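So the structure is just underneath, and the comments pick up after that.
In the numbering used here, the protein residues as written are 8 to 166.
Structure representation (structure tokens):
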């Protein structure tokens with residue numbers, strides 16, 4: 008791939024990520040509405056898929072500073088989206104898990120986002136959508152592989 012193609016890809020990814028959520032295209036977007044903030048949506052999605060997580064686990068997953076995750080989870084706690092629980096495995100760290108209210112809000116936000124994507128892709132051929140899904144999945148796997156192989160192990164050596 009040429010440097011020009013990489014630059015074009017980078018530009019398209021920047022344009023894609025500037026949209027707060029594809030659900031904004033679903034209609035009914037109200038900036039003062041109860042839509043989840045992007046950080047809450049990402050953290051809650053992780054809690055849904057991986058189960059209870061500590062601040063450290065969430066920070067490592069998203070490659071964020073623990074203080075950043077602490078502020079984000081504190082806001083989610085105040086909103087009743089997550090709750091603190093003891094580590095089910097008996098560890099010392101407190102864990103976070105979704106509350107029923109948090110799960111409901113996550114489902115609502117995801118549904119809103121999916122409706123937005125449906126509107127955006129209404130004139131796309133199903134084959135084009137499948138191709139986009141395959142390409143984005145491959146890109147995400149490549150990114151994850153790169154991250155996992157660049158993280159230092161506990162002894163400080165890069166994997």
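We put the beta carbon where it would ideally sit given N, CA and C, even for glycine. Quantities reported herein were computed from a predicted structural model and do not represent experimental measurements.
Residue from the options with nearest C-alpha to residue i
i	options	result
residue 101	59, 51, 45 and 19	59
residue 61	20, 109, 134 and 104	104
residue 82	92, 136 and 46	46
residue 127	43, 79, 26 and 78	26
residue 43	118, 138, 132 and 131	118
residue 56	122, 137 and 113	113
Cβ shell of residue i (< 8 Å), same chain only, five flanking positions each side left out
i	result
residue 49	69
residue 76	50, 62, 65, 66 and 69
First and last residue of the uninterrupted beta strand (DSSP E) at residue i
i	result
residue 25	Here residue 25 belongs to no beta strand (DSSP E), and DSSP marks it neither H nor E.
residue 99	Unbroken run through residue 99: none, as it is neither H nor E.
Alpha helix (DSSP H) segment containing residue i, residue limits
i	result
residue 87	Where residue 87 is concerned, there is no enclosing alpha helix (DSSP H), given that its DSSP letter is neither H nor E.
residue 64	62–69
residue 58	Counting along the chain, residue 58 falls outside any alpha helix (DSSP H), and DSSP gives it neither H nor E.
Neighbourhood of residue i by C-beta, 6 Å cutoff - its chain only, sequence neighbours within 5 removed
i	result
residue 13	none
Close beta carbons around residue i, own chain, < 7 Å, minus the five adjacent residues each side
i	result
residue 53	60, 65 and 68
Entirely enclosed beta strand (DSSP E) segments - the segment 111–162, minimum 3 residues: Qualifying beta strand (DSSP E) stretches: none in this window.
Three CB pairs or more closer than 8 Å across the segment 104–117 and the segment 87–96: yes
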